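Worksheet for the structure shown next.
Chains as they are written, first to last, in our numbering: chain C, 1 to 167; chain E, 168 to 584.
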């Protein structure tokens, strides 16, 4: 195994372990921290693929913003030492069934599709400049980019409307 | 001359040469990488001690005291005495604390601050890792510090710690918006996110080209590290110490370390983005880039000390209003104005990085500052007039002109008769 493969398995293990802990942790706060570990593992995988911008964006957005908001929501909704309220076997059964079904779908996709493998291509040095240009190029991704912006503005206005002083 | 101008590369080459005598090339590479990371880490720790000393001396002078003066000459050994004291203190863990999270939080806090130094360029080749997303990396790892504070606040099982953690989220997440928007203006002009390229694109320092961005980055940077006057997250007089209230001994020292190392990291960042990084005058062939960088970053840190020593803490609603109603609109306008001014200057024929171009940019920035201050002043005057007319409805009509001229003194004058 090459060094790269060892690192890939190491970070994959961290990602999966973090994800597993998120699901089985009894404490919501611990589950959120497990999620952060899992997201950090994904960021490391991006970095291994030389997608440095994506890795930093993963850390900045998922860990720096979304995970923090999740923790904040947990802290506000449960008591400080609040335990996971889900304890009945019924919820666990449904969750297990859905997860198993998802696993079956993923495994069949994995084994039935013939994944084409090409030789590793060099990452262009100006990959970030290309990314930036393709986001504002009318023939490429300007429409999804702008639609996403509109969605964010809508969310912003909505939250401002909910949070405003009722008079 | 090369030894003086760049002793670090010189020493690194010597060590690499010595290592290659008995090591395969891969071993040399790995050893040099570990060595470089180690040097950066030790540098951050040493700077922590220097920063605490500078701050204590600076604050003391502002308050007409002498400051630490017993341990060593000028109290220079005071940080070491502090460290020994922290080590000998009792390590207390609250009974109902969440032990694993409680013990991880201080380590994460210190580590998050030290991560920034990986991309700080101390000289032309003196950088831990020249990654092409340098400045974005700094912004990304900044979020880890917030998580450390949240973990500390939650796991301490203390209501003041929890309140501190709540404030952190409100303040730090809000101030990230103008911070990122202002840095975007720098990235736009430099055309790169690499810290090395940003320095190289500053024949004219960006503080002259983008003064508005510089001020906003410094202010929001101070808010991000929770320094006075933005130190609401550990406001002693309100929530005692915020997230680190339950920590003692070395664990508290780690939080303290994280705070100061982060403060120095922000100083370095401002020095790189706006003060031309390592560039400085060439005196008889002596360029000493690392020394120029050191001087600039210490200067920026001194501005922070100065602000801490002279400004009172903001109230939380004022803090949020200042961010959302002033800094965010200003930084948005800044981004648009800078982009337009840059295009305009280039259309007229001034090349990027020349003095005429910089003067055009400076003129636009100064106009922006004037407009922003005029708008804030007008809003303030309106608000003051509204409160006065509510307090003194009958005096309002014939005193109105006086209010406009001397709004500060007007209520006293009205109340006198």
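No residue lacks a Cβ here, since even glycine has one placed at the ideal position from N, Cα and C. Owing to the predicted nature of the structure, the values given are computational and were not obtained by experimental measurement.
(Q) Do residue 475 of chain E and residue 394 of chain E have their beta-carbon atoms positioned less than 8 Å apart in this structure? (A) yes
Residues of chain C with a CB under 8 Å from the CB of residue 330 of chain E: which are they? By Cβ distance, chain C contributes nothing, its closest Cβ being about 11 Å from residue 330 of chain E, past 8 Å.
Original post:
Between the segment 64–75 of chain C and chain E, which residues of the former have a C-beta closer than 9 Å to a C-beta of the latter?
Top reply: 64, 65, 67, 68, 69, 71, 72, 74, 75
> Using a Cβ-Cβ distance under 8 Å, would residue 275 of chain E count as near chain C?
Replying inline: no
### Query
Tell me which same chain residues have a C-beta within less than 6 Å of the C-beta of residue 300 of chain E, skipping the five on either side of it?
Non-local C-beta neighbours of residue 300 of chain E in its own chain, meaning closer than 6 Å and more than five positions away in sequence, comprise 360, ordered along the chain.
How big is the Cα-Cα spacing for residue 182 of chain E and residue 279 of chain E?
Spanning the two alpha carbons is a distance of roughly 29 Å.
### Message
For residue 453 of chain E, list the residues DSSP reports as bridge partners.
### Response
E:450
Give a yes or no on whether 8 Å exceeds the smallest Cβ distance from residue 311 of chain E to chain C. yes
**OP:** Would you grab the beta carbon distance between residue 53 of chain C and residue 152 of chain C for me? Rounded to a whole angstrom, and I think it's under 8 Å.
**Re:** Not really, about 19 Å apart at Cβ, beyond 8 Å.
Handout entry: Cβ separation of residue 374 of chain E and residue 345 of chain E, assumed to be a contact under 8 Å, to the nearest whole Å
Key = Not a contact, Cβ separation roughly 17 Å.
query: Looking at C-alpha atoms only, which residue of E:497, E:525, E:363 is the closest neighbour of residue 386 of chain E?
result: E:497
query = Along the chain, where does the alpha helix (DSSP H) that runs through residue 196 of chain E open and close?
reply = 192–229
query: Whole-angstrom Cβ separation of residue 311 of chain E and residue 339 of chain E, contact assumed at under 8 Å?
result: Between residue 339 of chain E and residue 311 of chain E the Cβ distance is about 12 Å, and since that is not below 8 Å, they are no contact.
- request: Identify which residue in E:509, E:418, E:535 has its Cα closest to the Cα of residue 108 of chain E.
  value: Absent from the model: residue 108 of chain E. The displayed extent of chain E is 168 to 584, so no value can be given.
Candidates E:441, E:244, E:206: closest to residue 223 of chain E by CA position
Ranked by Cα distance from residue 223 of chain E, the options E:441, E:244, E:206 are led by E:244.
Local conformation of residue 80 of chain C per DSSP, three classes: Per-residue confidence for residue 80 of chain C stands at a pLDDT of 49, beneath the threshold of 50, marking its modelled position as unreliable; no derived number is given.
Check your understanding: According to a CB-to-CB cut-off of less than 9 Å, which residues of the segment 292–319 of chain E neighbour chain C?
Key -> If the cut-off is 9 Å between Cβ atoms, the segment 292–319 of chain E has 298, 299, 300, 303, 304, 306, 307, 308, 309, 310, 311, 313, 314, 317, 318 near chain C.
Alpha-carbon spacing of residue 47 of chain C relative to residue 165 of chain C, whole angstroms:
44 Å
Do the segment 233–248 of chain E and the segment 452–460 of chain E touch if we need at least three Cβ pairs shorter than 8 Å? no
Open item on the list: Mapping the DSSP letters down to three states, classify residue 467 of chain E as helix, strand or coil.
Closed with: helix
- Query: Starting from residue 360 of chain E and walking both ways along the alpha helix (DSSP H), at which residues does that stretch end?
  - Reply: Careful: residue 360 of chain E lies outside any alpha helix (DSSP H) and carries neither H nor E.
Does DSSP put residue 49 of chain C in a helix, in a strand, or in coil?
-> coil
Assuming contact is defined by CB atoms lying nearer than 8 Å, are residue 336 of chain E and residue 68 of chain C in contact in what I supplied?
It is a contact, given that the beta carbons lie within the stated cut-off.
**Request:** Along the alpha helix (DSSP H) that carries residue 3 of chain C, what are the first and last residues, could you check?
**Result:** 3–24
Quick check: the Cα distance between residue 463 of chain E and residue 428 of chain E, rounded to an integer number of angstroms?
16 Å
* Which same chain residues, not among the five before or five after residue 322 of chain E, have their C-beta less than 7 Å away from its C-beta? -> Residues of the same chain with a CB within less than 7 Å of the CB of residue 322 of chain E, apart from the 5 flanking positions on each side, are 264, 265, 268, 269, 272 in chain order.
Roughly how many angstroms separate the alpha carbons of residue 349 of chain E and residue 358 of chain E, rounded to a whole number? 14 Å
| message | Once the 5 residues before and after residue 253 of chain E are set aside, which same chain residues still bring their CB inside 6 Å of it? | response | 416, 417, 420
* To do: Apply the 10 Å Cβ neighbour rule to residue 200 of chain E and answer buried if 16 or more other Cβ atoms are within range, or exposed otherwise.
  => Exposed, by the Cβ-count rule.
Taking the alpha-carbon positions, what's the residue 285 of chain E to residue 294 of chain E distance?
-> 7 Å
C-alpha gap between residue 456 of chain E and residue 397 of chain E, whole angstroms: 33 Å
Could you have a look at residue 368 of chain E and say whether DSSP puts it in helix, strand or coil?
coil
Check whether the Cβ of residue 24 of chain C lies closer than 8 Å to any Cβ atom in chain B. Here chain B cannot be found, since the structure's protein chains are C and E.
So which residues of chain C does residue 360 of chain E contact, with C-beta pairs closer than 8 Å?
128
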